[in-house]
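Quick notes on the structure that follows.
And the structure:
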């Protein structure tokens with residue numbers, strides 16, 4: 001029986017799967033062969049498309065007619081396709097997609113959707129598509145109960161949670177299925193359904209509230225998505241009533257084994273656990289004098305019989321640092337902490353590492369930890385939710401930043417995309433908002449993440465155009481070009497009008513929106529720029545600084561070590577330099593600050609007017625929402641420009657070389 | 001029937017009315033004469049004292065015996081005593097207190113309590129005591145419902161509210177009576193029971209929830225305290241369903257008249273309304289193109305038939321100011337706004353003016369508005385709750401600051417204490433905390449406020465010693481001296497380690513606790529210091545600045561106009577000067593900043609050790625609470641010192657003249 005496509009609630013945006021995206025398939029004749037649960041999903045998709053566009057679908061044996069499209073399970077070729085791979089070819093007027101598993105067939109279907117009419121023209125040589133990374137995951141920082149400070153979704157800018165509301169499961173499973181469908185269409189295959197900061201209500205999802213997780217898992221399963229759960233390391237104490245959560249304690253091991261067995265009874269394809277331990281106040285193995293490998297292996301052992309994994313976050317640092325102490329460097333923390341543990345993690349334990357050494361700033365170097373643990377499965381964590389990049393009120397398409405991270409080559413000439421054997425993870429930017437992501441254009445981030453997780457060396461601008469083509473079917477060139485124009489450079493634009501040259505954290509404390517140059521300067525969070533009247537930046541060199549640059553292999557260690565060779569965009573991350581220091585661009589640091597901040601605002605003004613010119617080409621609700629957010633972005637960009645420029649003008653005393661007014 | 005003294009709940013501190021404070025009276029023979037409700041209160045007090053200490057009390061006609069103390073109503077002397085005045089004399093072994101009203105007799109009783117055994121020694125010439133100010137009021141910024149940002153008590157640092165909890169009346173009326181008793185003992189005679197920011201639940205106290213206010217009024221009445229209510233100017237719309245709240249609209253006037261009549265039906269001695277209008281988002285007459293006099297007179301007219309007054313706050317300024325605009329000066333706002341309205345306010349309207357032009361900073365000049373409205377009844381508002389002065393985690397006895405304000409002489413040689421014809425008001429620092437005020441030593445602020453409201457030219461240090469004597473009966477000299485030592489200079493100490501030289505607002509945004517030198521520098525709140533690499537301060541001179549100095553009469557206008565004559569402690573409030581500017585003290589501004597910040601911390605260390613030396617002399621619970629808060633104060637003072645010194649060292653580049661380490 002074909003599985004019906006989920007119906008979107010009234011007013012909810014179809015994102016990159018509008019009905020018209022299925023026109024090419026829906027108007028043709030399709031044969032579907034094979035038997036597996038996800039084949040029913042594929043069948044349902046084609047049935048709905050044909051219903052809308054007048055095509056035909058045949059299931060099982062061919063009926064003797066000619067088919068434009070054949071979607072067939074089981075036809076293994078010379079190379080193993082695995083559960084998720086597929087082939088695509090066109091010959092004799094028929095486009096054939098084959099896969100050895102249901103998920104592969106579903107991904108093949110969405111591949112044809114992306115190709116559109118191109119899939120049905122001429123001949124196509126047989127192509128094999130397989131995901132580079134087996135795990136392509138979204139972590140939801142959703143709380144079950146509304147947190148007094150962080151709300152329903154921590155760092156959420158897209159309305160409420162898709163899963164939870166006011167302490168209960170939201171129960172809108174059709175919306176969850178529709179979400180799963182969107183994720184499958186860009187290649188995502190795992191979702192963790194609750195915040196890594198696990199509070200009291202959320203902790204119980206593991207035990208007596210597992211049924212609520214099972215409902216979500218059931219809704220996501222038809223789209224090939226496995227469900228994961230953030231758990232509290234202290235669960236044996238807080239939920240199990242044990243006197244300890246010591247990972248070497250037998251009763252603790254038994255408790256986790258039993259709890260995990262019951263999870264799998266409820267969710268047979270459960271993906272595993274996500275754990276934030278000994279980090280920003282969360283409990284962890286340190287309390288028992290145990291290492292993080294011992295902590296992670298405890299959960300890995302419980303998951304191992306069922307094939308699950310634990311994603312153990314490497315985000316461990318001293319968040320009660322003394323700002324007066326310039327020798328402690330938060331950037332060093334993950335490397336210093338975890339590299340000595342390389343080789344000690346069990347196979348079912350994945351160490352989940354943020355892509356940069358700090359915390360999702362608009363510009364950071366790639367974390368040196370990623371290349372430094374060859375005997376450990378690593379996952380790399382990105383942040384789709386725009387905590388530090390405009391909070392979905394500003395357009396900031398992160399594709400180029402993520403691509404830069406994934407293509408960065410560590411030692412042994414392996415790229416980050418290759419090193420991320422444990423998968424690519426992003427903190428989700430989606431929520432109950434009718435546009436899914438608050439800012440309609442932030443959908444491009446979610447889509448791009450999925451596609452880069454499938455193929456880390458993909459060209460991000462091609463992915464962007466793919467998203468445009470899907471989301472705005474049959475867009476006239478003016479619209480497609482306009483969308484590309486306002487998104488493509490938006491990350492650089494955002495960087496220009498915010499914190500300069502890699503220095504980071506010039507945001508308002510707490511909510512992290514809007515500028516406060518000294519907001520985190522005298523804080524315990526390890527986030528400093530050390531600006532004084534003479535210069536700015538953090539000396540992280542080996543020779544005179546914190547030594548962080550030495551955590552990289554060559555050539556990076558040497559490159560970052562000297563201000564002469566350090567790339568401009570990371571200069572203040574690695575070095576404290578005078579305002580008069582001349583960049584490779586030929587400008588002084590201070591003039592660079594002034595210029596980029598003026599330019600950033602001008603670029604927002606330009607993007608806003610491009611968007612205004614697209615009125616009439618975009619549906620009115622979406623156009624209005626984006627137009628309204630551009631007003632806020634422009635206001636915000638001007639505020640950033642003026643606060644940053646005034647701060648550095650007051651501090652440096654250096655007038656703008658172009659004589660512009662700085663307060 | 002004598003009214004029983006309220007019983008304190010278990011564990012609640014007796015503050016300045018411990019049983020032993022009544023020893024002198026309770027061990028003697030007292031005659032009470034006269035009939036009035038408050039005479040029953042007096043009788044109850046003496047009965048309880050005698051029960052405890054073995055004395056005797058006779059009510060009505062003398063029984064032929066000799067009396068140590070006679071408390072008599074009705075014996076009017078040559079000068080009118082009014083409802084609140086009393087005389088005290090001692091002759092022939094009897095101390096006699098007379099009053100023409102019950103409240104006077106109650107105040108006379110507490111006068112004898114303060115005198116203790118001294119009241120019963122030798123002869124005492126007849127003294128007349130009358131309050132200088134008819135209204136001595138506490139404004140509670142208590143919310144009925146817990147506000148999502150501000151909580152149960154806005155700027156409350158003493159636990160929950162005494163009146164409200166989670167949307168309902170707290171109903172602990174014995175605690176409210178005990179509170180009233182403490183207030184009466186220091187001379188306070190009015191309490192406003194809800195926050196000046198009137199949210200939805202609070203607005204209804206005026207109408208269908210007036211019964212809850214009446215319960216509080218009934219509990220406070222036996223101690224001579226009238227109850228007031230903060231109301232929303234928009235009430236005719238939000239509660240009355242009218243289309244407008246225009247003060248000149250007949251239906252609006254009728255609505256207020258009717259609502260007020262019903263208030264007096266519930267509370268016949270109701271004091272009146274408190275209104276924050278057109279301020280920080282509260283509604284007001286501006287919406288209808290009416291003046292604040294027209295707004296205030298609307299409510300005054302409704303209250304007039306019943307003898308109530310409206311306290312109309314003068315805290316009106318632009319809280320959405322552009323920080324780039326240096327011509328707008330928040331300090332000017334109240335004067336600019338209200339002086340043109342002088343003479344237009346009705347007799348029952350009192351304009352309630354904050355003592356300084358900004359907002360309760362640790363150092364501000366006295367508001368020039370106070371001397372500039374001779375035809376308007378003014379009340380002066382102080383802040384006992386320590387929003388900007390350590391939030392009751394730091395010891396900061398405000399007596400000297402308040403006394404300085406009250407003794408400040410405006411035009412016509414009248415002091416602020418004399419100009420405050422509409423009363424003295426303080427934002428209360430009391431709450432449900434077992435010590436009433438969070439920090440046990442913050443009780444001294446509450447007590448001092450009451451005594452200064454009674455006698456604005458009182459010597460604050462004498463009031464402090466009075467508080468010590470009452471609160472720590474029979475304290476050995478070491479204890480009395482120690483308490484005096486840690487409190488007396490504490491305001492100056494707090495000033496030293498926080499914002500220097502009158503500049504203000506270097507606090508963390510939102511909660512206002514702890515340092516953030518630039519926290520309000522680029523904000524819309526009108527709160528700037530304009531520090532750059534060369535200097536700091538706000539030019540408020542007439543010649544080159546915002547002109548604020550010209551709002552004062554001579555000699556102040558001239559004195560403040562020039563940095564040469566401006567008092568050091570207000571220099572940065574009135575002038576922008578280079579860091580090298582030499583103060584009258586002979587120090588440069590920058591060296592003054594460094595020195596005071598080091599000194600401030602040293603003074604806290606000294607106070608902490610004085611307190612430590614008092615262990616064993618103070619009851620353990622109180623000693624522990626204060627000791628614990630000294631740890632936080634010291635931590636906080638060091639943080640203030642280091643952030644402020646580092647900020648100015650980084651900005652100015654001037655090293656400390658004494659070579660101390662600054663990060």
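Protein chains in written order, with the UniProt record's numbering: chain Y, 1 to 663; chain D, 1 to 663. Think of the CB as a built atom: it goes at the ideal place given N, C-alpha and C, for glycine as much as any other residue. The model shown is predicted, which means the values in this text are computed figures rather than measured ones.
### Query
Any heavy atom of the ligand NAP within a distance shorter than 6 Å of the CB on residue 303 of chain Y?
The ligand NAP is absent from the structure shown, which contains no ligand whatsoever.
### Query
Under three-state DSSP, which class holds residue 88 of chain D?
strand
### Query
Quick one: what does DSSP say residue 655 of chain Y is sitting in, helix, strand or coil?
coil
#### Entry: Integer Cβ distance of residue 130 of chain D from residue 74 of chain D, believed to fall under 8 Å
With 8 Å as the limit, residue 130 of chain D and residue 74 of chain D do not qualify as a contact, their Cβ atoms being about 17 Å apart.
### Query
Along chain D, which residues have their Cβ under 9 Å away from the Cβ of residue 653 of chain Y?
532, 533, 534
### Query
Going straight from the alpha carbon of residue 93 of chain Y to that of residue 67 of chain Y, what length do you get?
8 Å
#### Entry: Proximal chain D residues relative to residue 548 of chain Y, where beta-carbon distance stays under 8 Å
Here the premise fails: no neighbours, minimum Cβ distance about 20 Å.
### Task
Could you name the residues that DSSP lists as bridge partners for residue 312 of chain D?
D:275, D:351
### Message
Comparing C-alpha positions only, which one of D:138, D:153, D:137, D:136 sits nearest to residue 144 of chain D?
### Response
D:153
### Task
Please list, in chain order, all residues of the same chain as residue 640 of chain Y whose beta carbon is under 6 Å from its beta carbon, the five residues on each side excluded.
497, 498, 515
### Query
Quick one: what does DSSP say residue 321 of chain D is sitting in, helix, strand or coil?
coil
### Three-state secondary structure (DSSP) of residue 137 of chain D
strand
### Query
Can at least three beta-carbon pairs, one atom from the stretch 543 to 556 of chain D and one from the stretch 330 to 342 of chain D, be found at a separation below 8 Å?
yes
### Whole-number beta carbon distance between residue 539 of chain D and residue 578 of chain D, since they are thought to touch under 8 Å
Contact doesn't hold; Cβ gap of about 13 Å is too wide.
### Query
Between the stretch 629 to 656 of chain Y and chain D, which residues of the former have a C-beta closer than 9 Å to a C-beta of the latter?
639, 642, 643, 646, 647, 649, 650, 651, 652, 653
#### Entry: Environment of residue 393 of chain D [buried if 16+ CB atoms lie within 10 Å]
buried
### Query
With a CB to CB cut of under 6 Å and the five nearest residues on each side skipped, what residues in its chain are close to residue 339 of chain Y?
372
### Message
Assess contact between the stretch 232 to 245 of chain D and the stretch 145 to 165 of chain D, defined as three or more Cβ pairs (one per stretch) separated by less than 8 Å. Is contact present?
### Response
no
### Task
Jot down the residue ranges of each uninterrupted beta strand (DSSP E) in the stretch 35 to 123 of chain D, minimum 3 residues, whole runs only, in chain order.
56 to 59, 69 to 73, 86 to 91, 94 to 99
#### Entry: Neighbourhood of residue 236 of chain Y by C-beta, 6 Å cutoff - its chain only, sequence neighbours within 5 removed
242, 245, 252, 255
#### Entry: Own chain partners of residue 257 of chain D with C-beta closer than 7 Å, once the 5 adjacent residues on each side are dropped
302
### Message
Starting from residue 145 of chain D, trace the beta strand (DSSP E) in both directions and tell me its first and last residue.
### Response
142 to 147
#### Entry: Partners in chain D for residue 663 of chain Y, counting only beta-carbon separations shorter than 7 Å
324
### Query
Going by C-alpha distance, which of D:18, D:163, D:58 is nearest residue 8 of chain D?
D:18
### Query
Alpha carbon to alpha carbon, what distance is there between residue 646 of chain Y and residue 182 of chain D?
51 Å
#### Entry: Best match in Y:523, Y:606, Y:501, Y:574 for proximity to residue 585 of chain Y [C-alpha to C-alpha]
Y:501
### Query
Could you give the uninterrupted runs of the beta strand (DSSP E) lying entirely in the stretch 136 to 216 of chain Y, keeping only those of 3 residues or more?
136 to 139, 142 to 147, 151 to 153, 190 to 192
### Query
Can you tell me whether DSSP reads residue 344 of chain Y as helix, strand or coil?
coil
### Query
Pick from Y:344, Y:265, Y:348, Y:379: whose alpha carbon is nearest that of residue 355 of chain Y?
Y:379
### Query
Shortest alpha-carbon distance to residue 439 of chain D belongs to which of D:574, D:632, D:320, D:317?
D:632
### Query
Could you give the distance in angstroms between the alpha-carbon of residue 477 of chain D and the alpha-carbon of residue 527 of chain Y?
50 Å
### Message
Let me see if you follow: with CB-CB separation under 7 Å, is residue 522 of chain Y close to chain D or not?
### Response
yes
### Within 7 Å of chain Y by C-beta, residues of the stretch 451 to 472 of chain D in sequence order
none
### CB contact flag (residue 349 of chain Y, residue 297 of chain Y, <7 Å)
yes
### Exposure of residue 21 of chain Y, with buried meaning 16 or more beta-carbon neighbours within 10 Å
buried
### Query
Using the C-alpha atoms, what's the distance from residue 209 of chain D back to residue 291 of chain Y?
59 Å
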